[in-house]
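Protein chains in written order, with our numbering: chain Z, 1 to 30; chain G, 1 to 195; chain R, 1 to 195.
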Amino acid sequence: PQSEGLCCSPAQLARTPYLVLSYVNGPPPI
Amino acid sequence: GITEAQAHVIVNNALKLYSQDKTGMVDFALESGGGSILSTRCSETYETKTALISLFGIPLWYFSQSPRVVIQPDMYPGNCWAFRGSQGYLVVRLSMEVRLTSFALEHIPKTLSPTGNITSAPRDFSVYGLENEYQEEGQLLGQFVFDQDGESLQTFPVQRRPERAFQIVELRISSNWGHPEYTCLYRFRVHGEPV
Amino acid sequence: GITEAQAHVIVNNALKLYSQDKTGMVDFALESGGGSILSTRCSETYETKTALISLFGIPLWYFSQSPRVVIQPDMYPGNCWAFRGSQGYLVVRLSMEVRLTSFALEHIPKTLSPTGNITSAPRDFSVYGLENEYQEEGQLLGQFVFDQDGESLQTFPVQRRPERAFQIVELRISSNWGHPEYTCLYRFRVHGEPV
Chain Z
1 PQSEGLCCSP
11 AQLARTPYLV
21 LSYVNGPPPI
Chain G
1 GITEAQAHVI
11 VNNALKLYSQ
21 DKTGMVDFAL
31 ESGGGSILST
41 RCSETYETKT
51 ALISLFGIPL
61 WYFSQSPRVV
71 IQPDMYPGNC
81 WAFRGSQGYL
91 VVRLSMEVRL
101 TSFALEHIPK
111 TLSPTGNITS
121 APRDFSVYGL
131 ENEYQEEGQL
141 LGQFVFDQDG
151 ESLQTFPVQR
161 RPERAFQIVE
171 LRISSNWGHP
181 EYTCLYRFRV
191 HGEPV
Chain R
1 GITEAQAHVI
11 VNNALKLYSQ
21 DKTGMVDFAL
31 ESGGGSILST
41 RCSETYETKT
51 ALISLFGIPL
61 WYFSQSPRVV
71 IQPDMYPGNC
81 WAFRGSQGYL
91 VVRLSMEVRL
101 TSFALEHIPK
111 TLSPTGNITS
121 APRDFSVYGL
131 ENEYQEEGQL
141 LGQFVFDQDG
151 ESLQTFPVQR
161 RPERAFQIVE
171 LRISSNWGHP
181 EYTCLYRFRV
191 HGEPV
């Protein structure tokens, strides 16, 4: 069921052993 | 019949388009361009503990591809994000707010798959526009099917033209082409008109 | 008119050339081939503190592209070296001493730019041959203009055929196409005959 996916908080990425990249101050130079 | 000069023009135009990320369209999900992965909701990376990284003979860790590869352009076999089972979620923040027009999924061609098949490819999927990353049910932009017998890169126009622009989209995969353990996502693209 | 076989030959030759770094010419600046960045003189990388790298929720550092990307072949949007303003310098050590014949600058096409324009592209630039990396004014090899309405990859023959060979070249950008804050360099190539 689709609603199964809503049980986790969006912060789940923070628990993964990967480097996470987030853009915090606008887009990068292009 | 066509002349040699006309043939050259056709070929050069085709190569030019090919060199423009194959589509000549901006991909607002592309990580180097400002896109980022916000969340995978409840899907979990399929950990095979198969790629062992060592230094000086000392094993350090098992490597597996992160969800970030779905918004990176490298399409070589294995450079996909694998999630357990056939239901997966990916919440992507675009490089800017966009009036969404189409989405694309890309998978390696069968010819390059060591197994000879692409059962790990996604099949049924849907895309939602979210107002913020915590929104549970966003606006459904379309339900689509990635065809394992189709082109490597398949583009899908939005089914319901949204009245508003979005900067966050959610990709929901609900089935794959038969792999019992995982589904692999190579690349997801988002196209539209910037606001 | 041409035959099908002739068309195939045209296509295959075009693909072959495309696969040879698009030009079929040696790029002596290419990092993997032995080129390296010696200096950016007084230009400074435009630090936006925008791409934050974190692990387990802990922010680690802000990522920005280094000048090395200018001698690397990845041309996706964002994979450029951005320097503050519109005047920048790049001193490049070539893989060997070369009788220089031409230079090339490459930028993403407007079709792939999320902003729809390429105002951050370089405009007026010049190239100098240096005898050593500390030389302040080298031998002017030419003054050129990168055309924002031209091809993605533009090649410029040297204007003054140098009598000697050089292993160090300086790229000086003196203006861009309008971006008020930074100029982005995607790729700079150096061609010539090795000594």
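Cβ atoms here follow ideal geometry from the backbone N, Cα and C, with glycine treated the same way.
Would residue i be called buried (16 or more neighbouring beta carbons within 10 Å of its own) or exposed?
{"i": "residue 48/G", "result": "exposed"}
{"i": "residue 15/Z", "result": "exposed"}
{"i": "residue 6/G", "result": "exposed"}
{"i": "residue 143/R", "result": "exposed"}
{"i": "residue 88/G", "result": "buried"}
{"i": "residue 137/R", "result": "exposed"}
{"i": "residue 107/R", "result": "buried"}
{"i": "residue 12/G", "result": "exposed"}
{"i": "residue 27/R", "result": "buried"}
{"i": "residue 170/G", "result": "buried"}
{"i": "residue 66/R", "result": "exposed"}
{"i": "residue 134/R", "result": "exposed"}
{"i": "residue 56/G", "result": "exposed"}
{"i": "residue 17/Z", "result": "exposed"}
{"i": "residue 105/G", "result": "buried"}
{"i": "residue 158/R", "result": "buried"}
{"i": "residue 29/Z", "result": "buried"}
When DSSP labels each residue in this structure, what does residue i get in the three-state scheme?
{"i": "residue 179/R", "result": "coil"}
{"i": "residue 98/R", "result": "strand"}
{"i": "residue 138/G", "result": "coil"}
{"i": "residue 201/G", "result": "Residue 201/G lies beyond the range of chain G shown here (1 to 195); nothing can be said about it."}
{"i": "residue 24/Z", "result": "coil"}
{"i": "residue 215/G", "result": "Outside the displayed range of chain G (1 to 195) lies residue 215/G, so it cannot be described from this structure."}
{"i": "residue 68/G", "result": "helix"}
{"i": "residue 155/G", "result": "strand"}
{"i": "residue 87/R", "result": "coil"}
{"i": "residue 6/Z", "result": "Low confidence applies here, because residue 6/Z scores a pLDDT of 45, under 50, leaving its location unreliable and the question unanswered by this model."}
{"i": "residue 54/G", "result": "strand"}
{"i": "residue 26/R", "result": "coil"}
{"i": "residue 14/R", "result": "helix"}
{"i": "residue 19/G", "result": "helix"}
{"i": "residue 45/G", "result": "strand"}
{"i": "residue 15/Z", "result": "helix"}
{"i": "residue 192/G", "result": "strand"}
{"i": "residue 1/Z", "result": "Only weak support is given to the placement of residue 1/Z: the predicted model assigns it a pLDDT of 36, under 50, and the value that follows is read from those uncertain coordinates. Three-state result, residue 1/Z: coil."}
Let me see if you follow: with CB-CB separation under 7 Å, is residue i close to chain G or not?
{"i": "residue 29/Z", "result": "no"}
{"i": "residue 129/R", "result": "no"}
{"i": "residue 71/R", "result": "no"}
Could you give the C-beta distance for residue i and residue j, rounded to a whole number, given that I count them as a contact under 8 Å?
{"i": "residue 63/R", "j": "residue 21/Z", "result": "7 Å"}
{"i": "residue 25/G", "j": "residue 191/G", "result": "5 Å"}
{"i": "residue 91/G", "j": "residue 168/G", "result": "7 Å"}
{"i": "residue 156/G", "j": "residue 122/G", "result": "With 8 Å as the limit, residue 156/G and residue 122/G do not qualify as a contact, their Cβ atoms being about 12 Å apart."}
{"i": "residue 119/G", "j": "residue 193/G", "result": "Actually they do not touch by this definition, with Cβ atoms about 36 Å apart."}
{"i": "residue 84/G", "j": "residue 182/G", "result": "6 Å"}
{"i": "residue 86/G", "j": "residue 175/G", "result": "5 Å"}
{"i": "residue 93/R", "j": "residue 126/R", "result": "In fact, because the Cβ distance is near 18 Å, the residues do not count as touching under 8 Å."}
{"i": "residue 71/R", "j": "residue 29/R", "result": "5 Å"}
{"i": "residue 82/G", "j": "residue 184/G", "result": "5 Å"}
{"i": "residue 73/R", "j": "residue 187/R", "result": "7 Å"}
For chain Z, check one thing: does any of its Cβ atoms lie closer than 7 Å to the Cβ of residue i?
{"i": "residue 178/G", "result": "no"}
{"i": "residue 82/R", "result": "yes"}
{"i": "residue 77/R", "result": "yes"}
{"i": "residue 192/G", "result": "no"}
{"i": "residue 34/G", "result": "yes"}
{"i": "residue 186/R", "result": "no"}
{"i": "residue 182/R", "result": "yes"}
Give a yes or no on whether 7 Å exceeds the smallest Cβ distance from residue i to chain R.
{"i": "residue 147/G", "result": "no"}
{"i": "residue 67/G", "result": "no"}
{"i": "residue 1/G", "result": "yes"}
Flag residue i as yes when its Cβ comes closer than 6 Å to any non-hydrogen atom of the ligand NAP, and as no otherwise.
{"i": "residue 91/G", "result": "With respect to the ligand NAP, the structure offers nothing, as it holds no ligand at all."}
*Contact set between the segment 93-119 of chain G and chain Z, restricted to residues whose Cβ is under 8 Å from the partner*: The segment 93-119 of chain G vs chain Z, Cβ under 8 Å: 93, 95, 96.
_the segment 39-57 of chain R: positions lying closer than 8 Å to chain Z by Cβ_ = Listed by position, the residues of the segment 39-57 of chain R near chain Z (Cβ gap below 8 Å) are 46, 48, 49, 50, 51, 52, 53, 54, 55, 56, 57.
*In chain order, what residues of the segment 4-27 of chain R put their CB closer than 8 Å to some CB of chain G?*
6, 7, 10, 11, 14, 15, 18, 22
*Selection of the segment 135-169 of chain G by Cβ proximity to chain R, strictly under 7 Å*: none
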